[in-house]
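Undergrad:
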Amino acid sequence: MNADLSVLVAGGGPAGATAALQARELGAQVTLLEAAQIGGTSLNRGPAPVRTLARAARLARDWSSWATFGLDGP
């Protein structure tokens, strides 16, 4: 890659961070724009549907053990 080449990457999620690193390794001058934390939403907070499903799975697991303690669940 040409050493005089400048690359602007918008977004520091997994794809943007990888693109920025690859361009830098190839010799480009890189500017990475990210409004929040590098890594994106999935890495830093997890996508909402995954968090919701994980919580539902934990609740179902917990409810199944209520009978062991003589309790009725919903």
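Counted from 1, the sequence shown has number 59 at position 60 by numbering that gives the first Met the number 0; the numbering is strictly sequential.
Idealized CB from N, CA, C, for every residue including glycine.
Under a Cβ-count criterion, where at least 16 other Cβ atoms within 10 Å of its own Cβ denotes burial, should residue 49 be classed as buried or exposed?
TA: Classification of residue 49: exposed, given that the 10 Å Cβ count is below 16.
Undergrad: Give every residue of the same chain whose Cβ lies closer than 6 Å to the Cβ of residue 7, excluding the five residues on either side of it in the sequence, and list them in chain order.
TA: Only 30 meet the Cβ criterion.
Undergrad: Taking three-plus beta-carbon pairs below 8 Å as touching, is the region 51–60 in contact with the region 9–28?
TA: Result no; under three Cβ-Cβ pairs closer than 8 Å.
Undergrad: Just to confirm, is the Cβ distance from residue 11 to residue 37 under 7 Å?
TA: Contact: yes.
Undergrad: How long is the line joining the alpha carbons of residue 66 and residue 60, rounded to whole angstroms?
TA: Going by the C-alpha atoms only, they are around 12 Å apart.
Undergrad: What is the DSSP secondary structure of residue 76, counted as helix, strand or coil?
TA: In the structure displayed, the chain extends from 0 to 73; residue 76 sits before or after that span and is not available.
Undergrad: Taking DSSP as the reference, what is the three-state secondary structure of residue 70?
TA: Note: residue 70 maps to coil in three-state DSSP.
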